[in-house]
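Following the working numbering, the numbering of the sequence shown begins with 379 at its first residue and continues without gaps.
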Amino acid sequence: MTELLPLIDKLTRAHSLSAEEYERLITGRNKETASLLREEADRVRRSIYGNTVFTRGLIEISSYCRNDCYYCGIRCGNPKAERYRLRPEEILDCCKEGYSLGFRTFVLQGGEDPWFDDVVLCGLLREIKAQFPDCAITLSLGERSRRSYELLFEAGADRYLLRHETANKQHYEQLHPERMSFERRMECLFALKEIGYQVGCGFMVGSPYQTAAHLAQDLKFIEQFRPQMCGIGPFIPHRDTPFGGKSAGSVELTCYLLSILRLIQPNLLLPATTALGTLAPNGRELGIQSGANVVMPNLSPVSVRKKYSLYDNKICTGEESAQCRDCLAQRMNAVGYRLVVDRGDPKTE
Ligand code: SAM
Ligand code: FES
Numbered sequence: 379m380t381e382l383l384p385l386i387d388k389l390t391r392a393h394s395l396s397a398e399e400y401e402r403l404i405t406g407r408n409k410e411t412a413s414l415l416r417e418e419a420d421r422v423r424r425s426i427y428g429n430t431v432f433t434r435g436l437i438e439i440s441s442y443c444r445n446d447c448y449y450c451g452i453r454c455g456n457p458k459a460e461r462y463r464l465r466p467e468e469i470l471d472c473c474k475e476g477y478s479l480g481f482r483t484f485v486l487q488g489g490e491d492p493w494f495d496d497v498v499l500c501g502l503l504r505e506i507k508a509q510f511p512d513c514a515i516t517l518s519l520g521e522r523s524r525r526s527y528e529l530l531f532e533a534g535a536d537r538y539l540l541r542h543e544t545a546n547k548q549h550y551e552q553l554h555p556e557r558m559s560f561e562r563r564m565e566c567l568f569a570l571k572e573i574g575y576q577v578g579c580g581f582m583v584g585s586p587y588q589t590a591a592h593l594a595q596d597l598k599f600i601e602q603f604r605p606q607m608c609g610i611g612p613f614i615p616h617r618d619t620p621f622g623g624k625s626a627g628s629v630e631l632t633c634y635l636l637s638i639l640r641l642i643q644p645n646l647l648l649p650a651t652t653a654l655g656t657l658a659p660n661g662r663e664l665g666i667q668s669g670a671n672v673v674m675p676n677l678s679p680v681s682v683r684k685k686y687s688l689y690d691n692k693i694c695t696g697e698e699s700a701q702c703r704d705c706l707a708q709r710m711n712a713v714g715y716r717l718v719v720d721r722g723d724p725k726t727e
């Protein structure tokens, strides 16, 4: 512990460590370092965001995907995955319900489904913006061409979430089939940033073959890329994927990394993810207490939720949107935070 204290101090003051120092902070961690980092992270977060937690309405628009990521339950190579695709009118209905529940950001997420081409998506984005002009729209639809990202931005998309998954090329290749490329993923992220999106990257904690050195590289990448958002959650195996027999990541390490990320970039938008809530009943509360400041309750129609099965035993697949929102509001209140009706843009430090 004592040898890690100067590192925590340096991170808090300089918002940066070397890759080797990040690795030591991870491998040498214990209860004391975790609670010290958590306290610092919470203090820093409160100085910018108070006790507010931003909320985003997640709409899972399609479970069709042309990609075959080894970890993901909706990969095209899983013949058991049940496929659905929401029609634009259904997506607009989800937004309408979400708006009345106090959501001011909608996240449209889905597999890489070619049916959602630029014409369909741009039409949808314009309609959402016309009906809900005070709302932000986040897209999380994977890799597309630069031209497509530009068109979607012009049509009203404000933010884009594309996890880098790992900042190590060899590790990337262990998680994805040959036809996917690390360079391409990075190109997409840099293009999104240049176009003007608020960008979110991120990675799974405890993904197969991941080492502390890989995580240190992830932290270094985030330090340099400076995204507006960063989505991290534990890897959870899905039984019908090549990684079905691998073990899940941990809530403890995910929370530890959330605290480190808060100290790297104090104003970062950091979600306490559904995967965190799936591994532990109080996982999202722990995430918030460790430095996260965003939750993303599900706004998808209940009829399709079980089909958007990225990993086993995903929570919140039977609840109505209002129940989900109320449940999360109560959970946050119970640990001293409050959900707000707000677009939830990053605040300046
Ligand atoms: N297709 C879009 C993309 O690739 O960005 C959005 C959907 S994709 C399913 C969203 C994220 O889910 C991925 O970036 C990945 O990190 C996460 N994910 C997929 N399978 C997972 C698993 N088994 N456990 C935890 N997270 C998983
Ligand atoms: Fe969905 Fe609790 S957040 S049921």
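We treat Cβ as the ideally placed atom computed from N, Cα and C, and that holds for glycine.
Let me check understanding here. Comparing Cα to Cα, which of the options lies closest to residue i?
i, options, result
"His554", "Arg444, Arg423 and Ala653", "Arg444"
"Ile342", "Cys694, Leu502 and Ser526", "Because the chain in this structure spans residues 379 to 727, residue 342 falls outside the shown range and cannot be described."
"Ala735", "Asn660, Arg423, Leu499 and Phe621", "There is simply no residue 735 to check, as the chain begins at 379 and stops at 727 in what is shown."
"Ala590", "Arg640, Pro466 and Thr544", "Thr544"
"Glu532", "Ser687, Leu567 and Leu499", "Leu499"
"His549", "Gln701, Gly714 and Phe581", "Phe581"
"Gly627", "Gly520, Val583 and Ala459", "Val583"
To the nearest angstrom, how far is the alpha carbon of residue i from that of residue j?
i, j, result
"Thr433", "Val718", "7 Å"
"Tyr427", "Arg721", "13 Å"
"Ile452", "Trp493", "16 Å"
"Met607", "Arg391", "21 Å"
"Lys684", "Ile693", "9 Å"
"Pro644", "Ser637", "10 Å"
"Gly489", "Ser441", "5 Å"
Near residue i, what residues of its chain come up, given a Cβ to Cβ distance below 6 Å and the 5 sequence neighbours on each side ignored?
i, result
"Tyr400", "Ala594 and Leu597"
"Leu706", "Val673 and Pro675"
"Ser526", "Asp496"
"Cys447", "Arg453 and His554"
"Ser678", "Ile437 and Glu438"
"Pro586", "Phe621 and Lys624"
Within a Cβ cutoff of 8 Å, which residues of the same chain sit near residue i, ignoring the five residues on either side of it in sequence?
i, result
"Ala658", "Val629 and Leu664"
"Glu551", "Phe560"
"Leu470", "Leu502, Glu505, Ile506 and Gln509"
Excluding the 5 residues flanking residue i on each side, which residues of the same chain have their C-beta closer than 7 Å to its C-beta?
i, result
"Gly622", "Pro615 and His616"
"Leu648", "Cys608, Leu636, Leu639, Arg640, Gly669, Ala670, Asn671 and Val672"
"Cys702", "Pro675, Asn676 and Cys694"
"Ala700", "Leu479"
### Query
Three or more beta-carbon pairs under 8 Å between the segment 586-603 and the segment 663-670, yes or no?
When C-beta atoms of the segment 586-603 are compared with those of the segment 663-670, fewer than three pairs fall below 8 Å, so the two segments do not count as touching.
### Those residues, in chain order, that have a beta-carbon closer than 6 Å to some heavy atom of the ligand SAM
After applying the 6 Å Cβ criterion, the set is Tyr449, Cys450, Gln487, Gly489, Glu490, Ser518, Leu519, Gly520, Leu540, Arg541, Glu543, Met582, Gly611, Phe613, Ile614, His616, Ala653, Leu688 and Tyr689.
### Message
Taking 8 Å as the cut-off, does the segment 411-418 touch the segment 607-620 (at least 3 CB pairs, one atom from each stretch)?
### Response
Cβ pair count under 8 Å is below three, so no.
#### Entry: Three CB pairs or more closer than 8 Å across the segment 507-526 and the segment 481-497
Yes, the segment 507-526 is in contact with the segment 481-497.
#### Entry: the segment 403-410 touching the segment 694-702, judged by at least three CB pairs closer than 8 Å
No: fewer than three Cβ pairs fall under 8 Å.
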